Amino acid sequence: MRRRAFAAGLAPAILCGQASRRPNILVAMADDLSYPHTSAMGGSEVNTPAFDRVAEGGVLFRNAFAASPGCAPSRAALLTGRHTWTLEEAGTHASLFPRKFAVYPELLGKAGYHVGLTGKGAGPCNYKDAGWPHNPAGASYDTVKETPPRPGMHALDYAANFGRFLDKRPKGAPFCFWFGCHEPHRVYKKGIGAASGKRLDRIVVPPFLPDTIEVRSDLADYLTEIEHFDLHLGRMLDLLSRTGELDNTIVVATGDNGMSFPGAKATMKDFGWHVPMAVMAKGHFRGGRVSDDLVSFTGLAPAFLEAAGAPRPAGQTGRSVLPLLRSARSGVIDGGFNAVYAGRERHSHSRRDNLGYPARAIRTREYLYIRNFQPSRWMAGDPPSFHDIDDGPTKQWMMAHRDASAVKPLFDAAFGKMPAEELYNVRLDPGCLRSLAGEQPRVAGELSARLMGELRRTGDPRVTGRGDVWESYPRFSPMRPELGGFAEQGKYNPAFQK
Ligand SMILES: [Ca+2]
Numbered sequence: 091m092r093r094r095a096f097a098a099g100l101a102p103a104i105l106c107g108q109a110s111r112r113p114n115i116l117v118a119m120a121d122d123l124s125y126p127h128t129s130a131m132g133g134s135e136v137n138t139p140a141f142d143r144v145a146e147g148g149v150l151f152r153n154a155f156a157a158s159p160g161c162a163p164s165r166a167a168l169l170t171g172r173h174t175w176t177l178e179e180a181g182t183h184a185s186l187f188p189r190k191f192a193v194y195p196e197l198l199g200k201a202g203y204h205v206g207l208t209g210k211g212a213g214p215c216n217y218k219d220a221g222w223p224h225n226p227a228g229a230s231y232d233t234v235k236e237t238p239p240r241p242g243m244h245a246l247d248y249a250a251n252f253g254r255f256l257d258k259r260p261k262g263a264p265f266c267f268w269f270g271c272h273e274p275h276r277v278y279k280k281g282i283g284a285a286s287g288k289r290l291d292r293i294v295v296p297p298f299l300p301d302t303i304e305v306r307s308d309l310a311d312y313l314t315e316i317e318h319f320d321l322h323l324g325r326m327l328d329l330l331s332r333t334g335e336l337d338n339t340i341v342v343a344t345g346d347n348g349m350s351f352p353g354a355k356a357t358m359k360d361f362g363w364h365v366p367m368a369v370m371a372k373g374h375f376r377g378g379r380v381s382d383d384l385v386s387f388t389g390l391a392p393a394f395l396e397a398a399g400a401p402r403p404a405g406q407t408g409r410s411v412l413p414l415l416r417s418a419r420s421g422v423i424d425g426g427f428n429a430v431y432a433g434r435e436r437h438s439h440s441r442r443d444n445l446g447y448p449a450r451a452i453r454t455r456e457y458l459y460i461r462n463f464q465p466s467r468w469m470a471g472d473p474p475s476f477h478d479i480d481d482g483p484t485k486q487w488m489m490a491h492r493d494a495s496a497v498k499p500l501f502d503a504a505f506g507k508m509p510a511e512e513l514y515n516v517r518l519d520p521g522c523l524r525s526l527a528g529e530q531p532r533v534a535g536e537l538s539a540r541l542m543g544e545l546r547r548t549g550d551p552r553v554t555g556r557g558d559v560w561e562s563y564p565r566f567s568p569m570r571p572e573l574g575g576f577a578e579q580g581k582y583n584p585a586f587q588k
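Add 90 to a position in the sequence shown, counting from 1, and you land on the number used in this note's numbering.
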């Protein structure tokens with residue numbers, strides 16, 4: 091019906107009526123969500139009516155990518171509109187967020203927006219010692235808890251906190267809100283998926299995971315946590331609809347990085363940073379569309395600022411997605427959006443001396459090319475614990491069965507050492523299990539040159555001669571002295587300071 095209404099000419103009247111008003115911004119950020127796992131993206135045994143409502147009323151971006159496969163750098167890139175490697179300590183996990191970097195919520199606040207958040211904002215990071223008055227994503231409105239809390243879910247009542255935030259809005263001011271859902275980040279209440287009625291036999295097991303009952307059950311728990319995110323997003327949409335604000339709100343529904351399973355989150359493989367994303371603002375953009383353009387999180391902050399009529403700060407590397415939103419087309423809307431980039435450094439404390447795993451990647455429509463700068467290190471962290479993979483039933487099962495012939499290739503792809511260069515045809519091999527770097531040297535060479543060109547152009551220390559500076563950055567989350575070497579929380583590692 092919605093598409094027919096547009097065809098009948100109703101939409102232009104709506105578009106003209108509100109285009110002059112500055113739009114509100116609502117970013118709804120799930121934690122650890124891979125691209126297939128909403129119903130609008132075709133996920134099985136997951137029901138996400140709110141995400142689907144945003145997709146149907148707006149644009150479903152089928153090739154959306156976080157700028158990093160881990161929480162903190164991904165969120166920092168979204169907030170600033172910059173590649174992670176231009177963000178110093180904020181480009182790695184659980185370190186400082188330097189005060190000098192301009193973030194869109196603060197810029198919108200200066201332009202008169204009412205700004206706030208619930209749940210997890212930028213981070214995990216230390217913004218206080220860097221001089222921020224509150225989280226860079228906004229001041230927290232976390233006051234209301236769900237009563238009773240839903241089993242296995244975080245106690246925060248995200249939607250109620252959004253309501254409190256709206257109650258405090260100065261009259262006439264547009265708002266900028268960050269809904270940082272803690273789900274579907276681990277830990278999961280084991281068996282909650284099956285207990286809530288999910289059919290384990292209908293779950294689609296990603297190609298990089300073993301197909302066992304334990305893994306299917308773990309996936310069902312993950313899908314159930316996604317639905318908790320969607321439940322609160324739905325309540326927020328309903329609230330905006332009741333107050334007449336929905337059509338003037340740019341709603342972005344997405345996840346900060348891939349699913350917390352071996353071979354996905356914290357890796358540069360496709361399931362590590364390819365995320366679902368839907369964007370809607372019925373008063374501003376035509377809905378009922380899909381975009382197959384390759385878009386990055388770094389293109390959101392520029393779009394928000396442009397839509398609000400606020401100037402862009404210097405140093406943004408992202409390409410604004412606003413032209414895609416303002417288009418009337420579907421499919422590949424602008425051929426210029428033909429590649430995205432990602433970076434990763436340290437994730438958890440998982441290697442001796444608190445070393446990271448430096449890698450960069452470029453993703454085109456057909457290929458994913460990864461450059462690992464320290465291939466002698468373990469991608470998932472040092473054995474025997476592989477701490478860059480969050481603990482859970484699937485990890486435990488794969489470690490216990492690693493020598494089984496059917497499991498070993500999957501184990502090696504997720505837990506093993508990687509070569510300096512990886513190349514995957516993501517159309518044929520979405521699980522990124524068979525590198526073509528040796529078989530297709532011309533493609534690998536072209537993508538390597540393009541990636542290195544972008545890194546040089548944007549001043550990545552990994553290619554300008556100061557790569558080790560990343561190893562010096564302090565970590566403000568718990569550390570593991572049993573790994574040996576430098577393990578002082580909150581301290582720069584003097585061995586790598588220059
Ligand atoms: Ca995350």
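All C-beta atoms, glycine included, are put in the ideal place defined by N, C-alpha and C.
Just so it is clear, the structure is predicted and the values come from calculations on it, not from any experiment.
Straight-line Cα distance separating residue j from residue i
{"i": "F501", "j": "K280", "result": "22 Å"}
{"i": "A109", "j": "G287", "result": "Residue placement at A109 is poorly supported in this model, since its pLDDT is 46, which falls under 50; the coordinates are not used for a value here."}
{"i": "G147", "j": "T339", "result": "12 Å"}
{"i": "T176", "j": "P297", "result": "33 Å"}
{"i": "F191", "j": "P226", "result": "10 Å"}
{"i": "E317", "j": "K210", "result": "17 Å"}
{"i": "A259", "j": "F265", "result": "The question names Ala, but residue 259 in the sequence shown is Arg. Spanning the two alpha carbons is a distance of roughly 8 Å."}
{"i": "P564", "j": "A212", "result": "17 Å"}
{"i": "M367", "j": "A393", "result": "15 Å"}
{"i": "E544", "j": "Q464", "result": "20 Å"}
{"i": "S475", "j": "K485", "result": "10 Å"}
{"i": "S331", "j": "N114", "result": "13 Å"}
{"i": "F45", "j": "H275", "result": "Because the chain is modelled from 91 through 588, residue 45 falls outside the range shown and cannot be assessed."}
{"i": "L445", "j": "E561", "result": "6 Å"}
{"i": "P568", "j": "E511", "result": "32 Å"}
{"i": "P473", "j": "D443", "result": "14 Å"}
{"i": "D301", "j": "R152", "result": "26 Å"}
{"i": "C522", "j": "Y203", "result": "42 Å"}
{"i": "D478", "j": "P126", "result": "22 Å"}
{"i": "L414", "j": "G199", "result": "25 Å"}
{"i": "R556", "j": "G549", "result": "10 Å"}
{"i": "A285", "j": "Y312", "result": "13 Å"}
Extent of the continuous alpha helix (DSSP H) run through residue i
{"i": "H318", "result": "I303 to R332"}
{"i": "R254", "result": "Y248 to D257"}
{"i": "S164", "result": "C161 to T170"}
{"i": "V559", "result": "V559 to S562"}
{"i": "E57", "result": "For the chain, the structure presents residues 91 to 588; residue 57 sits outside this window and is missing."}
{"i": "T484", "result": "P483 to A490"}
{"i": "L415", "result": "L412 to R416"}
{"i": "V144", "result": "P139 to G147"}
{"i": "V553", "result": "P551 to T554"}
{"i": "I282", "result": "I282 to A285"}
{"i": "G362", "result": "D360 to W363"}
{"i": "L500", "result": "K498 to F505"}
Cβ separation of residue i and residue j, assumed to be a contact under 8 Å, to the nearest whole Å
{"i": "G482", "j": "Y278", "result": "7 Å"}
{"i": "L336", "j": "L327", "result": "6 Å"}
{"i": "F505", "j": "A470", "result": "5 Å"}
{"i": "R172", "j": "G405", "result": "6 Å"}
{"i": "E135", "j": "A310", "result": "7 Å"}
{"i": "Q579", "j": "F566", "result": "7 Å"}
{"i": "W487", "j": "V305", "result": "6 Å"}
{"i": "V369", "j": "G345", "result": "The pair is not a contact, with the Cβ atoms about 14 Å apart (cut-off 8 Å)."}
{"i": "L420", "j": "R379", "result": "Per the sequence shown, residue 420 should be read as Ser rather than Leu. Sure, about 4 Å apart at Cβ, within 8 Å."}
{"i": "L197", "j": "P403", "result": "7 Å"}
{"i": "F319", "j": "A120", "result": "4 Å"}
Extent of the continuous beta strand (DSSP E) to which residue i belongs
{"i": "G433", "result": "V430 to R434"}
{"i": "G262", "result": "Element bounds for G262: n/a, residue is neither H nor E."}
{"i": "G543", "result": "Here G543 belongs to no beta strand (DSSP E); instead the alpha helix (DSSP H) covers P531 to R547."}
{"i": "T388", "result": "Looking at the DSSP string, T388 is not in any beta strand (DSSP E), and its letter there is neither H nor E."}
{"i": "A451", "result": "A449 to R453"}
{"i": "G209", "result": "H204 to G209"}
{"i": "L513", "result": "E511 to N515"}
Residue-level contact to chain B via CB, residue i, 9 Å cutoff
{"i": "W363", "result": "Among the chains in the structure shown there is no chain B, since it carries only a single protein chain."}
Q | Those residues, in chain order, that have a beta-carbon closer than 5 Å to some heavy atom of ligand 1 | A | Taking a cut-off of 5 Å from the heavy atoms of ligand 1, the residues with a C-beta inside it are D121, D122, C161, D346 and N347.
Q) With a cut-off of 8 Å, do at least 3 Cβ pairs link the region 563 to 581 to the region 439 to 455? A) The region 563 to 581 vs the region 439 to 455: in contact.
Q. Three or more C-beta pairs closer than 8 Å, one from the region 425 to 435 and one from the region 374 to 393: is that the case here?
A. Result yes; three or more Cβ-Cβ pairs closer than 8 Å.
Q: For the region 506 to 523 and the region 447 to 460, state whether three or more C-beta atom pairs, one from each stretch, are separated by less than 8 Å.
A: Counting Cβ pairs under 8 Å, three or more are found: they touch.
Q: Inspect the CB distances between the region 248 to 263 and the region 339 to 355 and report whether three or more fall short of 8 Å.
A: Touching, no.
Q. Does the region 351 to 359 come close enough to the region 369 to 379 to have 3 or more Cβ pairs within less than 8 Å?
A. The region 351 to 359 is not in contact with the region 369 to 379.
Q.
Would the region 200 to 209 count as touching the region 268 to 275 if we require 3 or more Cβ pairs under 8 Å?
A. Contact holds: three or more Cβ-Cβ distances are below 8 Å.
Q) With contact counted as at least three CB pairs below 8 Å, one residue from each stretch, are the region 179 to 199 and the region 217 to 231 in contact? A) Verdict: yes, contact present.
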